[in-house]
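Protein chains in written order, with the numbering used here: chain A, 1 to 311; chain B, 1001 to 1294.
Note sheet for the following structure.
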Amino acid sequence: MTGITALGCYIPEQRQSVQEILSSRNCKHSEVRFFEKFHGLKQVSIVPAGQRLEESIRLGLQTLLDQGVTIDDADLLIYTHSSFLQVPFDHQLFAKVLGPFGLMHLRTMAVSQLYCTTFIPCLQLIERIFQREKNMRKIVLVCGDQTNYMNESRHLQEASVMGDSVACAVFEKDAADHRLLSVTMQRDTSYWRGLQLDKETRKQYNDRYMDNMIHAMETALHEAGLFWEELTYILPHNVNMTTWRQFCKKIDFDPHRIYTDLISEIGHSYCADGLLNLEPMLRSGRMRKGDTYLMVSVGLGSFMGAAVFQY
Amino acid sequence: MKFELFFQGIAHKTYEKRLLSTPKEMPVFFNEFLRMHGLVADEDHWQQGSHRSYEEMSTEAVRQLASQHDLSGIDLVLLAFHMHDCESGDAVSSYLLHEFGWERALSFAVSEQSTAAPLTALRLINDYFVAGDRKQALLVVVDQTTLPSVNTELARRDVADSCAAILVTHEVQPDAPYLIEYRYAPLDTAELPLMPAVRAEVSALLDRHDIALPDVVLVGNSSVLAMLRNWQEDRLLVETDSRHMCTAHFFALLGANALEHALLMDFDGKDSLTLVLLGRTGSFRALDRSVQPA
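Here it is, written out as structure tokens:
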């Protein structure tokens, strides 16, 4: 069964406060207070000024190599991102990322256009590739966005603040740990305008947001043959705390089984939240062998994706 | 390896230059974005661009395809591109699902593969077909030229805006062109010089399927075909139009007198060769549902 065999995350040390981000968008102080007090968002991680995407991805891959993980035998490297425009045309991103590591022989591609859920269909894609390609055994998935070229884009109106990070995971066929039990993608494309929704449509989107997300989660659980009570943890998207408080109330879920520590620490990291949340759970020993966990993400557009793993 | 991908229809269009009647301001973020990469946005290029978005071009092509084919069963939509959309805030794959009512379809985009993106997309569609959970797919391939670029090669080639929408299905179709093999071949030029390395890859691929070289049309750009001259007959070498990037192979196939087999070849100019072997390509022209110029 397809599973994760190695994980490395690059979270920049530098932070930018919610106050700074919202001030640059001319938001009122009351909105800053709302983000901090109710959404539980305090700050985001940001890459140093002038640091380019290829440098950030290299730092992400370096965290894998520092653990002694071998990736030069990977059959494919997939880079996935939420923001549509991440590098200029003909930037040769992969050459700039892989050249210094002597990994230019790796086959590469990018997957995008599903906003912050893009990570989830990549899981399905990896599963499909392994199913068909008998001789492919290892795929590296890199999730990463950075918007240090425009501060204003870190603010998602009324909802969240977004920071820079890179998460890298190695997926292998017949993995013993972190086995992918199910993955589901759902959509409600009436909101395809994404960031450009008018106020009324955005309200509709927000009204249906929770039910749509829960439906995707329940579908993934059902496909994994699990019930809510059998699920050990949820590794959420880090959009805000309000979502997860409402979620727990709505389905009577124990909040201690949702890992939300990073929400106040680094905010929402586009499509990388799921993997970023997994790393401290493993490092701290909080997650144990046999535990099941569900990663969920919701993207503008709108897309809802969920995947269930077993450690 | 199992391949069950059949071509059902193609709609395509190359657009003529279009000048904006009123100037359109270049987004601030784009300038900032380029500056971070040490580049300067070419304001003139932006103003003179056609501003034909992915949405505009793909809608036109898919509508044309829909007028000839039943697209109600589409359950997978892939977008392949090399140059980014000039309307960078829109998720075109999501828009297409909404516009054409494919609410249950999966969609995403494949890029950062230069002009090999649509060939890889074909192989990914096939992966989904073989897995059994998708039956009918739409591949939308777009080239657009509005965003300022520092690539002078593009200006020299006078690259055009173009789009191809290709309907493929999992169901066996006795008369339809089909995918025989997709192969990505990293070339070890330390081991073998480039020209013999490319020829060896082509030979090995054809041998695996008992196909003789004189029975195959080889489709590629001028640099890859240069390595095949005096090896393959000239009449069986089809050069892609330099005004096209990702759409080039499909335009070439529709314009070629294809034999039973065609081999689409994408070479990155260094060491990366992507090959897509197709069967029954003689019937490719029958798929043609060109979008008529307005």
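All residues carry an ideal CB built from backbone N, CA and C; glycine is no exception.
query: What residues in its chain sit with their C-beta under 6 angstroms from that of E1181/B, if we drop five residues either side in the sequence?
result: L1277
query: Do we get a CB-CB distance below 9 angstroms when we pair S1058/B with the residues of chain A?
result: no
9 angstroms Cβ cut-off: residues of chain B touching S17/A: The contacting residues do not exist; S17/A stays about 21 angstroms from chain B at best.
message: With DSSP as the reference, identify every bridge partner of L235/A, one or two as the case may be.
response: M295/A
- prompt: Would you report the Cα separation of H222/A and A176/A, rounded to the nearest angstrom?
  reply: 22 angstroms
message: Tell me which residues of the region 1035-1052 of chain B have at least one Cβ-Cβ distance to chain A shorter than 8 angstroms, keeping chain order.
response: R1035, M1036, H1037, L1039
- prompt: Looking at the C-beta of A1294/B, does it have a partner C-beta in chain A at a distance below 9 angstroms?
  reply: Unreliable positioning characterises A1294/B in this predicted model, as indicated by a pLDDT of 47, which lies under 50. The coordinate reading is nonetheless provided below. No, no contact with chain A.
task: Count the other CB atoms, across all protein chains shown, that sit within 10 Å of the CB of K250/A; report buried if there are 16 or more and exposed otherwise.
output: exposed
- request: Please name the residue, chosen from N240/A, N148/A, M295/A, that lies closest to Q316/A on a Cα-to-Cα basis.
  value: Chain A is shown from 1 up to 311; residue 316/A falls before or after that span and cannot be answered.
task: Could you work out which residue in T80/A, F303/A, I21/A is closest to S165/A when comparing CA atoms only?
output: T80/A
query: Exposed or buried, what is E230/A when buried is set at 16 or more other beta-carbons lying within 10 Å of its beta-carbon?
result: exposed
- prompt: CA-CA distance, C116/A and A110/A?
  reply: 14 angstroms
task: State the DSSP-derived secondary structure class of C1086/B, mapped to helix, strand or coil.
output: coil
task: Output the distance between the C-alpha atoms of S264/A and D1188/B, rounded to the nearest integer angstrom.
output: 49 angstroms
- prompt: In whole angstroms, what is the alpha-carbon distance linking L1019/B and S30/A?
  reply: 46 angstroms
- prompt: Is it true that the region 232-249 of chain A meets the region 289-302 of chain A, where meeting means three or more beta-carbon pairs spaced less than 8 angstroms apart?
  reply: yes
- request: Counting only the same chain and skipping the five closest in sequence on each side, list residues whose C-beta sits under 8 angstroms from that of V210/A.
  value: It should be noted that the sequence gives Met, not Val, for residue 210/A. These residues qualify, in order along the chain: T243, Q246, F247, K250.
query: M1265/B: which of S1283/B, G1255/B, G1282/B, C1246/B sits nearest, CA to CA?
result: C1246/B
message: For F38/A, count the other beta carbons within 10 Å of its own beta carbon; 16 or more makes it buried, fewer makes it exposed. Which is it?
response: exposed
- prompt: Apart from the five residues just before and just after D145/A, which ones in its own chain have a Cβ nearer than 6 angstroms to its Cβ?
  reply: H81, S82, S83, Y270
- prompt: Near T1274/B, which residues of its chain fall below 6 angstroms by C-beta distance, leaving aside the five closest residues on each side in sequence?
  reply: A1116, L1119, Y1184, D1266
- prompt: By the criterion of Cβ-Cβ separation under 9 angstroms, what are the contact partners of G99/A in chain B?
  reply: The contacting residues do not exist; G99/A stays about 12 angstroms from chain B at best.
task: Determine the direct distance from the alpha carbon of L1065/B to that of A1011/B, and round the result to whole angstroms.
output: 6 angstroms
- prompt: Do we get a CB-CB distance below 9 angstroms when we pair S153/A with the residues of chain B?
  reply: yes
field: Three-way DSSP call (helix, strand, coil) for C9/A in this model
entry: strand
message: Quick check: is the beta carbon of Y312/A nearer than 9 angstroms to any beta carbon in chain B?
response: With chain A represented from 1 up to 311, any question about residue 312/A goes unanswered, as that position is not in the structure.
message: Quick check: the Cα distance between A1294/B and S1093/B, rounded to an integer number of angstroms?
response: Residue confidence is low: A1294/B scores 47 on pLDDT, short of 50, so the model does not pin down where it sits. No coordinate-derived value is stated.
- prompt: So what does H1166/B bridge to, in DSSP terms?
  reply: In the sequence on display, residue 1166/B carries Ile and not His. Its beta-bridge partners are I1010/B, L1139/B.
- request: Would you mind reading off the limits of the alpha helix (DSSP H) that contains P280/A?
  value: 273-283
message: To be precise: take each residue of the region 259-282 of chain A, compare its Cβ to all Cβ atoms of chain B, and keep it if any distance is under 7 angstroms. Which residues remain?
response: none
Chain-order list of residues whose beta-carbon lies under 8 angstroms from that of V32/A (same chain, five-residue window excluded): V18, Q19, L22, S23
- prompt: Taking 9 angstroms as the CB-CB limit, is F89/A close to chain B?
  reply: yes
task: Look at the Cβ atom of L123/A, then the Cβ atom of F101/A, and state whether they are nearer than 9 angstroms.
output: no
field: Min CB distance S112/A to chain B below 9 angstroms
entry: yes
query: Is the Cβ-Cβ distance between H268/A and L141/A less than 9 angstroms?
result: no
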